[in-house]
Every structure is written in C-alpha cells, then in structure tokens.
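Just so we're aligned, residue 0 is where the first sequence starts under numbering that gives the first Met the number 0, counting upward by one. Glycine residues also receive a C-beta, built at the ideal position from the N, C-alpha and C atoms.
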Amino acid sequence: MTFKWVYHQLLSAYGQQHWWPGDSPFEIMAGAILTQNTAWPNVEKAITNLKQQQALNPQTILHTSQTKLAEWIRPSGYFNIKAERLKHYCDWYITQGEYPVLRQWHTEKLRDALLSVKGIGPETADDILLYAFERPVFVIDAYTRRIFSRLGLVNDIEKYEELRHLFESALKHEDDKTALLNEFHALIVWHGKQHCKNKPSCEGCVLRQECDF
DNA sequence: ACCCAGGGTCATA
DNA sequence: TATGACCATGGG
Numbered sequence: 000m001t002f003k004w005v006y007h008q009l010l011s012a013y014g015q016q017h018w019w020p021g022d023s024p025f026e027i028m029a030g031a032i033l034t035q036n037t038a039w040p041n042v043e044k045a046i047t048n049l050k051q052q053q054a055l056n057p058q059t060i061l062h063t064s065q066t067k068l069a070e071w072i073r074p075s076g077y078f079n080i081k082a083e084r085l086k087h088y089c090d091w092y093i094t095q096g097e098y099p100v101l102r103q104w105h106t107e108k109l110r111d112a113l114l115s116v117k118g119i120g121p122e123t124a125d126d127i128l129l130y131a132f133e134r135p136v137f138v139i140d141a142y143t144r145r146i147f148s149r150l151g152l153v154n155d156i157e158k159y160e161e162l163r164h165l166f167e168s169a170l171k172h173e174d175d176k177t178a179l180l181n182e183f184h185a186l187i188v189w190h191g192k193q194h195c196k197n198k199p200s201c202e203g204c205v206l207r208q209e210c211d212f
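Following this line, the structure appears as structure tokens:
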C-alpha cells in the first residue's frame with residue numbers, strides 16, 4: 000500500500016476533478032480564503048455576489064469598506080473575519096506587484112510571504128501555491144489526515160509540515176508532479192465527501208480500510 | 001434539533 | 001507546545 004496506489008485507486012474510481020474551479024488565479028486565491036472551514040457551495044454564492052458587484056479583483060476589494068464586503072460574502076460564513084482577511088491579502092498582493100511579479104518568486108520565498116499575511120495559514124497558503132501558482136506542493140487537509148491515518152500510512156498527530164514533506168517526497172519521482180498533486184488533493188476531497196455520505200456502512204469504498212465500521 | 005464544512009487566530013496554562 | 005473559544009452560513 001503506497002501513496003501512489005491510493006492515488007490511482009481514487010483516479011480510476013472518480014476520474015479527473017479539474018481543480019481548482021475558477022476562471023483566474025485571483026479567483027482561486029479569493030476562493031481559498033473564503034472556503035476556510037466552509038462548504039464549497041456557500042463559497043460559490045459569495046463568489047457569484049462578488050462577480051455581480053464587479054468586485055472580484057484586488058483593487059476593488061481593497062477599496063471597498065469591510066462592512067460592504069462582508070455583506071457580499073455573507074453566504075460563505077465567518078463573513079466579518081473573511082472580509083478582513085480578503086482585504087489584508089489584497090493589500091499584500093497589490094503591494095508586491097500582483098501575479099506578474101509573484102509568479103517569478105521561488106516557491107519557498109512565496110510560501111513564507113503568504114504565511115506572513117494575517118488570515119493565511121498553511122493550508123490556504125498551499126492551496127494558493129498549488130492551484131494559483133502551479134507549484135509542486137501538497138495540501139494537507141482534515142480529509143487527508145483522516146483517510147491516510149486510517150490506512151496506516153501516516154500518523155495523525157504529525158504536524159502539517161511533516162505530513163506535507165512526507166507526501167511530496169513520496170511522489171517526487173513522478174513526472175509532472177504539480178499536476179499529480181493537484182489531482183490527488185482534489186480526489187481526496189471528493190472521496191472524503193462521498194465517504195461521509197455513505198457512513199456508516201461505506202459500501203463500495205475504493206479504499207476499503209478507510210471505512211468507519 | 002444537531003452536526004459539520006475544501007481553517008486560522010488568539011488567549012490561556 | 002498544546003488545548004479551547006471563537007468566528008457564522010447553509011445543507012444533511
């Protein structure tokens with residue numbers, strides 16, 4: 000049982016996921032913040048509102064009052080906090096020179112910079128690195144911890160960075176590693192949702208041992 | 001009515 | 001370092 004085996008099981012079972020849903024790098028970045036501890040359909044409503052307001056760009060978000068911004072993103076939950084986080088992120092993003100500048104940074108430097116923005120934690124930073132900047136990093140989320148600890152491939156108690164390096168080094172010889180890590184995380188999220196839906200019997204679970212019993 | 005979702009920050013021990 | 005409280009909507 001290996002990481003790659005799990006990947007192929009999920010891919011053959013569910014097919015390509017075509018992540019991240021979004022038309023531009025900035026939409027992906029905003030979505031990564033809005034989806035923190037939130038179901039994606041709620042995020043879609045918030046993004047739709049931002050598009051209707053022509054506000055899905057860093058300049059408009061930065062110059063819109065936090066109160067108004069919070070009202071637009073209300074469906075995504077935690078709207079006061081997320082409005083503040085979006086504005087902090089846009090302030091940093093514009094200051095650094097936006098995508099044309101940031102895309103030239105080395106991955107480690109870009110990660111450190113992202114993590115320095117208030118409201119951007121490890122998972123959100125890696126979402127942005129992988130799906131907006133197409134860097135070969137892996138995103139560790141609650142599904143990943145739960146599924147792979149049940150499979151006996153990782154320890155749930157390990158820290159975020161330890162788990163991330165474990166996945167990345169296990170798959171480092173794959174060609175087009177970015178595309179693989181992109182697909183892998185998306186598949187894990189999809190599988191996690193399916194599994195929750197099938198609890199507790201979990202019949203037809205392609206990973207078998209991942210069932211709850 | 002209850003549980004949780006594609007997390008992160010901050011205060012406390 | 002490591003817990004706990006807090007943030008808040010919407011779907012099951």
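Using three-state DSSP, classify residue i as helix, strand or coil.
i, result
"Y98", "helix"
"P74", "helix"
"S150", "For the sequence presented, residue 150 should be read as Leu rather than Ser. Three-state result, L150: coil."
"P40", "helix"
"K117", "coil"
"T59", "helix"
"T177", "helix"
"R163", "helix"
"H17", "coil"
Going by Cα to Cα distance, which pick from the options is closest to residue i?
i, options, result
"W39", "Q103, G21 and N79", "G21"
"L33", "Q53, M0 and W71", "W71"
"P121", "L101, Y92, E107 and E160", "E160"
"F78", "G118, D90 and E97", "G118"
"C204", "L150, L55, A124 and T47", "L150"
"Q65", "Q53, R84, E97 and G76", "R84"
Report the rounded CA-to-CA distance for residue i versus residue j, giving the unit in angstroms.
i, j, result
"L109", "F183", "22 Å"
"L129", "A112", "15 Å"
"P135", "E167", "8 Å"
"L194", "T94", "A small correction: the amino acid at residue 194 is His; Leu does not occupy that position in the sequence shown. The straight-line gap from Cα to Cα measures roughly 42 Å."
"I139", "A82", "24 Å"
"K192", "S23", "25 Å"
"H62", "T1", "48 Å"
"K50", "K86", "16 Å"
"Q58", "D175", "34 Å"
"V5", "L206", "7 Å"
"H17", "E133", "13 Å"
"V100", "G14", "34 Å"
"Q53", "I146", "39 Å"
Look at the Cβ atom of residue i, then the Cβ atom of residue j, and state whether they are nearer than 7 Å.
i, j, result
"A131", "M28", "yes"
"N41", "P74", "yes"
"L9", "H190", "yes"
"T143", "I187", "yes"
"T106", "A31", "no"
"L179", "F137", "no"
"I60", "C89", "yes"
"L68", "E26", "no"
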